[in-house]
Amino acid sequence: MSGKQHCPYAEEGSRVSSDYIKFQSGIGKADIKMNDFEENVSMPNPDLICGMADEITSSEPHFMLLLFFIIFAAGMLKVVLKNYEPAILTILSLFGFCLGFLGRQFNEVQQLLYPLLKTNNYVFINIFLPLMTFMAALEMDFYILKNMFWQILITGLASFATALVFIGYIVVKLNKHSWNIQTCLLLSITIGITDPLQSVHPLKGLGVSKILIDIIRGESLINSCISFVFFGIYRIYGRKTAPFKELYTLASLLTDIVASVIWGVWSAKILQYMLADIFGDTVTNVTLCFSMAYLTFYVAEFLGLSGIISVISLGLLLDSLSFRPGIDITITKFLFILTFSCQAFIFTFIGIVIGCENIRDIEVHNLMFIIILFVTVNVTRMLTILLVSPVLLHSCYEFSWKWGVILICTGIKGSFSLILAPDIYNMSQEAVALPQLFLIYVLAISIMTMIINSAMVAHSAVTLGLCAISLPRHMAMQNAILHIQEVISSTIILSKTENILTNILWTAVEEKTKIEYPSFFLGNDEKRNKLPTDEVLMEEARLHVAIIQMSSFETQYKDGSLPEAAARILIGASKNFGTVQGKFMSIHDVTAYEKTRSWLIRVKNVLVFLSSQKDKSLFLPPEKPKFLGIIYKIVFSEEFQYTGYTVTLLYFFPMMMHLWPSVRDSHVTGLIIVNYYFVFLCIIEATLKILIMRNRYFHQSWNRLEFYIIIFGLIDIICIHLVREKPRDIVLIQCSVILGFFRVIRFFRIFRMVLPKLINIIEEIIKKRLSLMYSITKGYIQSLEDTKFLIKQISSRESIFQKLYEILEVNKREAVKELGLIEHECREVVIALKTKQAIRNVLGKALKNLRFLWSRGIIDKIEGINMNKLFLGKIKSLNNFPMTVPPPTPEKFLHNIVWLEDKDVLIEFFKEKAKLACFDYGDIICKEGDMPQGLYLIISGMSSLYGSLLHFGIDPKLRALARLPQTAYTEYLTSGDIIGELSCLLKREMGYTATCETILQACFISLEDLYEGFDIFWSFLEYKIWLKVAISIANHYIKEGITGEELTYQSCLEKNNVYLENLSRYSELSIYTEAMLHVLIVYGSVLNVVNDEQHFAPSRIPSTCFQIQGTSNINKLLIIQKESAGRKGRSSEKEEYYDSGKFDGSRHSFKEINLPLGSFCLWLKTSD
């Protein structure tokens, strides 16, 4: 760190230096010969420490004491100063200065400082720089950088150029130490570096736009990267004198930058592959991430590349999806601790080095020069932003003059400048009287910008309203808080019903849990006029939708339902289209986003073209003469084809000799003879084929290629013969040379041999792409479902709510249609993907239950570890799951009907009744208003459902009085879905028209056969179908208030806590008893008896309602019980069923009773 220390007792003009830096942090070679740098300059080793003779030789670990004390002091200061980093780093630098000053007086203190002052600066550069750079790049959003790369690059280049020019000019003109231009430029570059860590630190937690923060961070990274690269270039070429060195340096620079980026990308891919290991733990992942940053840096430097560019590339390509769920936070915190420790070390070490120097020679002019430099730095920053503001205004619609003010204030200097400060003197060509001034100037500017500019940034952001919550955002937050207050109130109401909590002072609970949020609705006209317009609210809602969708994508990835590649594409598309004003991302946008960045579409087109090149005619073996029959067997045998391929491959070596001039000249005669033989064999092959195929020989593309090869070969032979006759004819020689290069087309026929294998490979790639696109579409649909349940919290204005709902519905319908088309295009791939996902879900639930039992001590630790590895191994084995699975037969599709519950007696009954129905594209399966004919279980294909109104059994008069919206119904059904369930149950007209979007196959169960099953299996079967329909309605339309519930048919059977209640008109029912958790109205409507409030299907009845009355002809309630209550009532309710003699929809599965009776009735019917 000492670099070259100035000795106050040495002769003036003498130069005391440490060993020169051999290991660059910029672009350069790892080992540079000293003679290339210092041919005529003597470089004696330093003999002074802290201004005194170097007589201290201590083997005690005093330096480690200093390191750990700095870490302890930094931690204590963070606690005392509330994480205010500018003050912490300033105090540490002052502490270092005091420590260095004491080192000049006491030998005991010198023992602490001895290893530091004897260490070259390049050691600290290569220890601290990779980690700080990696942390800064890791915090930056790659997609924002991708969308605004050129703007950020221009800003970074402009910042470097203006600092080099303006700060350099001020240093040259106003310094009184006669520094040469080179030293002044190095100082200006060092001072001009913007710290990517400190520049954005004041904006964290203020609510400033993420785009603005990433613009600042990206510009700082580019600025610091250019500065370090410049220092590296100067180390290599600064002292050399060679012609055209500028052009050579530029070419080498561009080559090394590209190579550095490639190495950084490959390092990121390697790290992502290692982090994807499902058996990896937190310690392993943290170790890999930390070590890969240094490994990438050192390997790049060893190869003569730029380590800092490689580390930036590595950090940019890592995001939250690169790590296993939850580990990204741990890794970020660990790296943040190390990064802050590096900054603490740098400031303390610089303070120590300054304290060890003689500061008596510092004059008032030096203090004034520091102030001038500080003003120059800020003025230069302002000029830079003014230059690039037109570019930012044109490319980013959010950019404004307020952002420009923040950008001007964020020119904060810090550790990146300080770590290069000792190299200014190390790289200077002339002796400098007071080298410690370089460190003083850089440290002073860094501290002043950290304290003053940080305060200016925070104050400007607050004053300009950049961190204030906008009015639309304020409304959304108020809606969310109101929703939370409703949940709290419902929880309190439910808790009051528990006997164990009756002696609690509920008034105190309600008072302490009440959330008060200041409302901006004041009720006066002036405030109402300030309310935002629908356009402003819609734009704010659009941003909220994008954020919710990205959160949904990450949640799906963490749950294992969405692959990493699909999640990364969806998040990238969301961020890409989120910056487009007024744009809601649709599935077509995602597909287009993926297609534009993939070459597989072009490969697919080539595959289609190649697969269409087939023989146009079939050839039968001629009966007479026998000679042609023999030729036929020869020509159309595999041996004949592979003999031709072998001859072509053998000609590869003569062709290489022909293209190599020195070898060709010595083997001219042999090459000519080989050429004759090759053409002769081609002629024999073509002759045999023409004898059999005759004029049809030219109908095949490969035969035409062989014929062209023969033609070019004959012309080539003729030209060679003419050249030998007239060796001085230049035209013939040129023609012969050109025809010689045309011999390359002889190898094109080999492509026919590898074509089948190539087609198989490309087909596998296409299948993977189809699987990826299916996962993308599925994840997109799930994000829309998650968003639909939160739009009421996004905006309370009814017009915005309706617009959002319509947009999300349209996007969902398009995505479902796209999903059906993908499934129709390649059923085998989709079935394999669904099967793999089902296995993954089952294993995930099993793993979750294992960890629950493990945490409760039911399973021993060692057994739990072994079983955990077993489940993780099964999940990892899914990576080798086949890409395609053959679709099941139509008979097996009956097993997929959930209300048959995979019972043989039910399946056998409907197997006899079911018929296979086939429909063409555009056929109408059923029309709206027609009576149902039966159920259609879709086997393959896709159908669209269009209905004029979703009535849900609500009485028309009640609908008119409540002014319910007339919502049209549109949905797409694919394989496994059923058409006509609800209409068959009600024996009412179809509520929609079902049209085939593709060729469709379905299992048809007529209405008569369905009700015959009802008769045989009593009302058990009808109840199961109703329960399935009710759960489906609840999943599609009711999620508010039951977000944590898993509503699937199988889960309801397993937990046994969901049942269906039938409530007729004018009948009353008591709800929300101790056992009830949620009451959902899925069909019809009910009335709150207490306050006459109507509740229409589909919705959740509030917990404050305890007595309801049916108001429609048919009213269906889906009741979710607490799990403990559901388990207790199993045995008693079976007896209640027999005692009552009726089935009231009550509560649980009766398969143990109904199925044997149904089997007996079916046996009686068949025996008759």
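Residue numbers (the numbering used here): 7 to 1174. A virtual CB, placed ideally from N, CA and C, is assigned to each residue, including glycine.
Which listed residue (the options) has its alpha carbon closest to that of residue i
i       : options                         : result
ILE377  : PRO1104, ILE453, SER328, LEU324 : ILE453
LEU1    : LYS182, LEU159, MET154, THR189  : Outside the modelled stretch of the chain, which goes from 7 to 1174, sits residue 1, for which no answer is possible.
ALA5    : PHE590, ILE499, ALA1103         : Since the displayed the chain opens at 7 and closes at 1174, residue 5 lies outside it and no answer follows.
VAL292  : LEU309, GLY676, PHE342          : PHE342
VAL1092 : ASN1119, PHE172, LEU1066        : ASN1119
MET82   : GLU869, LEU95, LEU71            : LEU95
TRP272  : ASP429, ALA299, ILE284          : ALA299
ASP595  : TYR786, LEU108, GLY286, ASP961  : TYR786
PHE130  : ILE425, GLU516, ALA838, GLY109  : ILE425
THR890  : GLY982, LEU900, GLU769, VAL397  : GLU769
THR783  : VAL609, GLN562, CYS725, ILE368  : GLN562
LEU655  : ILE690, PHE754, LEU738, ASP735  : PHE754
PHE899  : GLU914, ASN1041, GLY361         : GLU914
TYR5    : ILE1114, ASP926, VAL1035        : Here the chain covers residues 7 to 1174 and nothing more, so residue 5 does not appear.
THR976  : GLY982, ILE984, ILE756, LEU956  : LEU956
ILE199  : VAL267, TRP905, CYS231          : CYS231
Unbroken alpha helix (DSSP H) run spanning residue i, endpoints
i       : result
ASN113  : 113 to 123
VAL1092 : From DSSP, VAL1092 is part of no alpha helix (DSSP H) but of the beta strand (DSSP E) over 1091 to 1094.
CYS104  : 91 to 109
PRO660  : 658 to 665
ASP540  : 540 to 565
ASN874  : 867 to 883
MET138  : 127 to 144
Collapsed DSSP secondary structure at residue i in the structure displayed
i       : result
GLY1116 : strand
TYR1078 : coil
ARG775  : helix
TYR1065 : strand
ALA282  : coil
LYS1171 : Bear in mind that the predicted position of LYS1171 carries a pLDDT of just 43, short of 50, making it unreliable; the figure below should be weighed with that in mind. Looking at LYS1171 - three-state DSSP - the assignment turns out to be helix.
ASN372  : helix
LYS993  : coil
VAL85   : helix
GLU1028 : helix
GLY940  : strand
ILE490  : helix
ASP53   : Its pLDDT being 41, under 50, ASP53 is placed unreliably in this model, and the coordinates cannot settle the point.
ILE1107 : coil
ILE2    : Lying outside 7 to 1174, the shown extent of the chain, residue 2 is not represented and no answer is given.
Rounded distance between the beta-carbons of residue j and residue i, thought under 8 angstroms
i       : j       : result
ILE150  : ILE217  : 6 angstroms
GLU1014 : MET937  : Wrong, their Cβ atoms sit about 12 angstroms apart, outside the cutoff.
SER1177 : ILE352  : Only positions 7 to 1174 of the chain appear in this structure, which leaves residue 1177 out of reach.
SER312  : GLY238  : 7 angstroms
TRP512  : ILE521  : In fact, because the Cβ distance is near 17 angstroms, the residues do not count as touching under 8 angstroms.
SER1109 : TYR1078 : 6 angstroms
LEU694  : ILE637  : 6 angstroms
Residue span of the beta strand (DSSP E) that contains residue i, given as start and end
i       : result
CYS932  : 930 to 932
ASN817  : Counting along the chain, ASN817 falls outside any beta strand (DSSP E), though it belongs to the alpha helix (DSSP H) covering 804 to 831.
PHE1102 : 1100 to 1102
TYR952  : 949 to 953
ALA1008 : 1006 to 1012
THR890  : Looking at the DSSP string, THR890 is not in any beta strand (DSSP E), and its letter there is neither H nor E.
PHE925  : 921 to 925
TYR975  : 975 to 979
ALA1000 : 999 to 1002
**OP:** Say whether the region 112 to 126 touches the region 185 to 204, bearing in mind that this needs 3 or more beta-carbon pairs closer than 8 angstroms, one atom from each stretch.
**Re:** no
Original post:
Looking at C-beta atoms only, is the number of pairs between the region 385 to 394 and the region 403 to 422 that lie closer than 8 angstroms three or more?
Top reply: yes
**OP:** Examine the Cβ distances between the region 318 to 337 and the region 276 to 285 and report whether three or more of them are shorter than 8 angstroms.
**Re:** yes
Subject >> Touching by the beta-carbon criterion (3+ pairs, under 8 angstroms), the region 759 to 779 and the region 547 to 561 >> reply: no
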